[in-house]
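Down below is the structure, laid out as structure tokens.
Protein chains in written order, with the working numbering: chain G, 643 to 756; chain F, 1117 to 1227.
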């Protein structure tokens, strides 16, 4: 069964550094999402992406964040200048055609900012 | 943002017991999803609901879309140890494709 994959599984970075988190959505999916989950808390929406542009974004998704689909398969989240409070699990999700609201999540990237 | 409250926050039950949990919102949602999350992993979709009053099953799991469209319920029958995890509801309002997640219910099944 196709799966959403994410790399790396764990990223440690110093405050102020840029990080890029990568996702490979399921191949025939059209909507892509990034979510964040701070340890022990609920999953929070960051951004949705459709037709090569941002569809919606939350108040968390400020100018430090950007998303890109550089080729036909990868979907990336960039944090330009990481802060300590960016430490969290970051999940990518994608939606299939015709069943637009059944999101499938990747395994996540644990980001630790020191 | 939207607030989705789940209850109970945590449950400790004996293997074989049935489980009920719910999710409530102050706003109307058009779609409800239920997910299970194991430690260190991404949420796994269990059930999707699209219509008020809809009742949908997936094995031992049954979920309902509340008729007010402001709540949803998840039941697990005859719990087993592998049911352990955190269960999240997620709702999508009438406009847009943003999903809002609940606060989670942590389930522990005692063999």
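Just so you know, even glycine gets a beta-carbon here, dropped at the ideal spot from N, CA and C.
Inter-residue spacing [alpha-carbon to alpha-carbon] between residue i and residue j
| i | j | result |
| --- | --- | --- |
| residue 1129/F | residue 696/G | 43 angstroms |
| residue 1223/F | residue 1178/F | 16 angstroms |
| residue 700/G | residue 744/G | 20 angstroms |
| residue 720/G | residue 1146/F | 31 angstroms |
| residue 1170/F | residue 1221/F | 22 angstroms |
| residue 655/G | residue 706/G | 15 angstroms |
| residue 1151/F | residue 1162/F | 5 angstroms |
| residue 643/G | residue 1168/F | 30 angstroms |
| residue 1211/F | residue 1148/F | 14 angstroms |
| residue 659/G | residue 1195/F | 46 angstroms |
| residue 717/G | residue 711/G | 5 angstroms |
| residue 1159/F | residue 694/G | 25 angstroms |
| residue 653/G | residue 1183/F | 44 angstroms |
| residue 685/G | residue 1203/F | 11 angstroms |
| residue 714/G | residue 657/G | 31 angstroms |
| residue 651/G | residue 748/G | 10 angstroms |
| residue 692/G | residue 738/G | 12 angstroms |
| residue 1208/F | residue 1191/F | 21 angstroms |
| residue 679/G | residue 1205/F | 14 angstroms |
| residue 1226/F | residue 709/G | 43 angstroms |
| residue 732/G | residue 649/G | 10 angstroms |
| residue 704/G | residue 690/G | 14 angstroms |
| residue 670/G | residue 698/G | 21 angstroms |
| residue 1127/F | residue 646/G | 30 angstroms |
For residue i, the first and last residue of its enclosing beta strand (DSSP E)
| i | result |
| --- | --- |
| residue 738/G | 730-738 |
| residue 1170/F | Careful: residue 1170/F lies outside any beta strand (DSSP E) and carries neither H nor E. |
| residue 1187/F | 1187-1192 |
| residue 1127/F | 1126-1130 |
| residue 691/G | 686-692 |
| residue 1146/F | That residue, residue 1146/F, is in no beta strand (DSSP E); it is neither H nor E in DSSP. |
| residue 1177/F | 1177-1181 |
| residue 743/G | Counting along the chain, residue 743/G falls outside any beta strand (DSSP E), and DSSP gives it neither H nor E. |
| residue 664/G | 661-666 |
| residue 678/G | 671-679 |
| residue 1138/F | 1135-1141 |
| residue 717/G | 717-721 |
8 angstroms contact criterion, which residue i and residue j should meet: CB distance rounded
| i | j | result |
| --- | --- | --- |
| residue 1120/F | residue 1181/F | Contact doesn't hold; Cβ gap of about 14 angstroms is too wide. |
| residue 746/G | residue 735/G | 6 angstroms |
| residue 1157/F | residue 682/G | Not really, about 15 angstroms apart at Cβ, beyond 8 angstroms. |
| residue 1125/F | residue 1143/F | Actually they are not in contact, since the Cβ atoms of residue 1125/F and residue 1143/F sit about 21 angstroms apart, beyond 8 angstroms. |
| residue 1248/F | residue 1123/F | Since the first residue shown for chain F is 1117 and the last is 1227, residue 1248/F is missing from the structure and cannot be characterised. |
| residue 702/G | residue 688/G | 6 angstroms |
| residue 1165/F | residue 1193/F | Incorrect: roughly 18 angstroms between the Cβ atoms, too far for contact. |
**OP:** Assess, as a yes-or-no matter, whether the stretch 1131-1138 of chain F is touched by the stretch 660-676 of chain G under the definition of 3 or more beta carbon pairs within less than 8 angstroms.
**Re:** Too few Cβ pairs lie closer than 8 angstroms, so no.
Original post:
Is there contact here, the stretch 654-670 of chain G with the stretch 1188-1200 of chain F, by at least three beta-carbon pairs under 8 angstroms?
Top reply: The stretch 654-670 of chain G, when compared against the stretch 1188-1200 of chain F, does not touch it at the 8 angstroms Cβ threshold.
Subject >> Within 8 angstroms of chain G by C-beta, residues of the stretch 1158-1169 of chain F in sequence order >> reply: Residues 1158, 1159, 1160, 1161, 1164 and 1166.
Subject >> Any 3 or more C-beta pairs closer than 8 angstroms across the stretch 723-737 of chain G and the stretch 745-756 of chain G >> reply: A contact exists between the stretch 723-737 of chain G and the stretch 745-756 of chain G.
Subject >> Proximal residues, the stretch 1193-1220 of chain F versus chain G, C-beta separation under 9 angstroms >> reply: From the stretch 1193-1220 of chain F, only 1204, 1206, 1208, 1212, 1213, 1214, 1215, 1216, 1217, 1218, 1219 and 1220 have a Cβ closer than 9 angstroms to chain G.
Original post:
Touch check for the stretch 1166-1178 of chain F and the stretch 1203-1221 of chain F: three-plus C-beta pairs under 8 angstroms?
Top reply: Touching, no, given that fewer than three Cβ pairs across the two stretches are closer than 8 angstroms.
Original post:
What residues in the stretch 667-679 of chain G have a beta carbon less than 9 angstroms from any beta carbon of chain F?
Top reply: Correct list: 673, 675, 677 and 679.
Original post:
Going along the chain, which residues of the stretch 1173-1192 of chain F sit with their C-beta nearer than 9 angstroms to a C-beta in chain G?
Top reply: Listed by position, the residues of the stretch 1173-1192 of chain F near chain G (Cβ gap below 9 angstroms) amount to none.
Original post:
Looking at chain F, which residues of the stretch 731-754 of chain G have a Cβ within less than 9 angstroms of any of its Cβ atoms?
Top reply: So the close ones are 731, 733, 734, 735, 737, 741, 742, 743, 744, 745, 746, 747, 748, 749, 750 and 752.
Subject >> Interface positions of the stretch 1129-1154 of chain F facing chain G (Cβ-Cβ less than 9 angstroms), listed along the chain >> reply: If the cut-off is 9 angstroms between Cβ atoms, the stretch 1129-1154 of chain F has 1146, 1147, 1149, 1151 and 1153 near chain G.
Original post:
Taking a cut of 8 angstroms between CB atoms, which residues from the stretch 697-711 of chain G lie near chain F?
Top reply: Those residues of the stretch 697-711 of chain G that come within reach of chain F (Cβ to Cβ, closer than 8 angstroms) are 697, 698, 700 and 701.
**OP:** Using a Cβ-Cβ cut-off of less than 9 angstroms, list which residues of the stretch 715-729 of chain G approach chain F; keep chain order.
**Re:** Taking 9 angstroms as the Cβ-Cβ cut-off against chain F, none of the residues of the stretch 715-729 of chain G qualify.
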